[in-house]
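Please read the structure below before turning to the comments.
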Amino acid sequence: MWETLRAWLAENGVISFLVTAVITIFGALVVYKIATSLVNRTFNRKFSWQSQDSLNHRGVTLGRLINSMIKYVLIFIVIVVILSKLGVNVASIIATAGVLGLAVSFGAQTLVKDVISGFFIIMENQYGVGEYVSINQNQGIVEAVEMRITKVKGFDGELYIIPNGSITDVVNYCRDHMRVKLDFSISYDSDIDKAENIIREAAARYYENHKEIMAGEPLVLGVEALMDFSINIRLIAYTEPMMQWDVSRGLRKAVKQALDAEGIKIPFPVQEIIQDEPHKAEQEGRDA
């Protein structure tokens, strides 16, 4: 029985087909394993000098893109080889696939535009995962940079999903030191020089305790504006990316406490009510 079955399989080329299919699939798996290993090693080594995960994401994304392309190319080759072994005219299939691909490309121009834009975003390293950005006026932290879309997480929890092809303007707040600009109000009867010295000393003490998140000692610029009820003194400082909010809150607290300790108060609007004599006399008569 087995001899008859084997003879039938050999006569009809089934064994040859199975052997060819197994060898082709195994060879494709080996090539895929070697190729993806080389791609991963190349991109990890190329981008290993970058310390920020947001910048490393560019290499990871490109590596995944190339691995995906390798996978689909190998799958196509395996299918063509197996079909040719079955006696199928693969030339006509390839020609048909080319025509279908051309038709799909015309019908998916937006998709193609998104993918091409995503490729250039990654190659140009415009922004990366974990960075604070503004994309088309949508501000937040980048959660993902993909070939077709970019995901940005807003500070209130909203998730912006932005097609890469629609991105027209990008502001990246994490590629250089960030500036903190603060105005402190004092009353008109306060000593301006004394107030500036107090602010300067308080800011210097804060800097000594937070050097790791600041790019230099804060600077008191002086009187910035003369308001209706106050004199505004401006203070600026430079921080590491994403630390500007912590530094702003810390400096406000430190300067406020220092001004209070020296008796310099932040003014508030005062209203003076003047009442003429007839109304005053009438009111006194009513009271009597």
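Here this note's numbering is used: the first residue of the sequence shown is -15, the next is one more, and so on.
Just so it is clear, CB atoms sit at the ideal spot from N, CA and C, and this is done for glycine as well.
For clarity, every value in this text was computed on a predicted model and none was experimentally measured.
{"Asked": "Just curious, the beta strand (DSSP E) that R218 is in, first and last residue?", "Found": "215 to 223"}
{"Asked": "Considering just the uninterrupted stretch of the alpha helix (DSSP H) at A187, what are its terminal residues?", "Found": "176 to 193"}
{"Asked": "So what's N51 in DSSP terms, helix, strand or just coil?", "Found": "helix"}
{"Asked": "When you compare the CB positions of V117 and V126, do they come within less than 7 Å of one another, or not?", "Found": "yes"}
{"Asked": "Give the straight-line distance between the Cα atoms of M198 and R163, rounded to the nearest whole angstrom.", "Found": "10 Å"}
{"Asked": "Going by C-alpha distance, which of D212, S214, E201 is nearest T223?", "Found": "E201"}
{"Asked": "Going along the chain, which residues of its own chain have a beta-carbon closer than 6 Å to the beta-carbon of I50, five neighbours each way excluded?", "Found": "V23"}
{"Asked": "Any contact between the segment 91 to 106 and the segment 145 to 152? By contact I mean 3 or more CB pairs, one from each, below 8 Å.", "Found": "yes"}
{"Asked": "Grab the span of the beta strand (DSSP E) containing M162 for me, first residue to last.", "Found": "162 to 170"}
{"Asked": "Measuring straight from C-alpha to C-alpha, what distance separates D167 and I54?", "Found": "57 Å"}
{"Asked": "Do you know how far the Cα of V14 is from the Cα of V154?", "Found": "42 Å"}
{"Asked": "Identify whether Q241 lies in helix, strand or coil by the three-state DSSP scheme.", "Found": "helix"}
{"Asked": "What's the call for T94, buried or exposed, on a 16-neighbour Cβ count within 10 Å?", "Found": "exposed"}
{"Asked": "Kindly confirm or deny that the segment 235 to 244 and the segment 171 to 187 touch, where touching means at least three C-beta pairs closer than 8 Å.", "Found": "yes"}
{"Asked": "Considering only the beta carbon of each residue, do S174 and I250 sit closer than 7 Å?", "Found": "no"}
{"Asked": "What does DSSP give as the partner residues of G141 in its beta bridges?", "Found": "G141 pairs with nothing; no bridge assigned."}
{"Asked": "What do you reckon, are the CB atoms on V62 and I7 nearer than 7 Å?", "Found": "no"}
{"Asked": "Can you tell which of Y157, I59, L205, H194 has the C-alpha that lies nearest to the C-alpha of A179?", "Found": "L205"}
{"Asked": "Does the beta-carbon of V136 have 16 or more other beta-carbons within 10 angstroms, so that it is buried, or is it exposed?", "Found": "buried"}
{"Asked": "To the nearest whole angstrom, what separates the beta carbons of G234 and Y190, a pair I think is in contact under 8 Å?", "Found": "6 Å"}
{"Asked": "If you reduce the DSSP assignment to three classes, tell me which class K135 lands in.", "Found": "strand"}
{"Asked": "Is I125 helix, strand or coil when you go by DSSP?", "Found": "strand"}
{"Asked": "Measure the alpha-carbon distance for Q281 versus Q121 and round it to whole angstroms.", "Found": "Outside the modelled stretch of the chain, which goes from -15 to 272, sits residue 281, for which no answer is possible."}
{"Asked": "Between S20 and the rest of its own chain, which residues show a CB-CB distance below 7 Å, the 5 nearest in sequence each way excluded?", "Found": "The residue you asked about is not Ser; residue 20 is Thr in the sequence shown. Excluding positions up to five away in sequence, the list reads N51, I54."}
{"Asked": "Are Y16 and L67 touching if we call contact CB-CB under 7 Å?", "Found": "no"}
{"Asked": "In whole angstroms, give me the CA-to-CA distance for I140 and W229.", "Found": "In the sequence as presented, Ile is not what sits at residue 140; that position holds Asp. Approximately 15 Å, taken between the alpha carbons."}
{"Asked": "Under DSSP, the beta strand (DSSP E) around V117 begins and ends at which residues?", "Found": "116 to 119"}
{"Asked": "Do the CB positions of I273 and I170 come within less than 7 Å of each other?", "Found": "This structure does not reach residue 273, given that the chain is present from -15 up to 272, and the question cannot be answered."}
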